[in-house]
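Per the numbering used here: the sequence shown = residues -2 to 118.
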Amino acid sequence: LGGIYDWINKAPIQLPTAGVVREATPSPNLPPAGKGNSNSYQEHKELMRRISRMQKSVKETEAKIEVLENRLKELDAILCTPEGASDMTVVTEYTSTKKILDQETDRWAQLSLELEELQEH
C-alpha cells in the first residue's frame, strides 16, 4: 500500500485561491511607463493649463455680456421716454453698446467652440 508521503506525491496539488496575490494587469487606457510617459504627462499638463485659461476667458466674456445686456436694458428704458428718444447721445450709446455686445457674443461663441475642442482631447 504505501504511506502518507506516497499519497501526497501522487495526489494532484491544489493550492487554495484565497490569499493568492495576482499580478496587476496594465490598464489599457494608460500608456506604458517609461520616458514617453513623462512627455505625455507634460502634454496633459499643458492641455489642462490651456483648458483652464480658456474657461477663465469664457467666464470673463460671459460677465462682460451680462453687464452690456443690463446697460442695454437701462438705455432701452430711457429711449422709451419722449426725452430719451430725442436725446442723440443716448441713441449713440445704445448703438455702440449693441455693437460691442454683438462682438462679445461672437467672441464668446468662438471661445466656447475652442474650449469644447480642447476638452474633447
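Each residue gets a CB set at the ideal place from its N, CA and C atoms; glycine is no exception.
Quick check: the Cα distance between S24 and S37, rounded to an integer number of angstroms? Note that S24 has pLDDT 49, beneath the 50 cutoff, so the model's placement of it is unreliable and no number is given.
Beta-carbon within less than 6 Å of S93's beta-carbon, same chain only, minus the 5 sequence neighbours each way: which residues are those? none
By the 10 Å Cβ neighbour count, where 16 or more other Cβ atoms means buried, how is T58 classified, buried or exposed? buried
Applying the 10 Å Cβ sphere with the 16-neighbour rule, what's the burial state of L108? buried
Which whole-angstrom value is the C-beta distance of L112 and V55, which I expect to be below 8 Å? 6 Å
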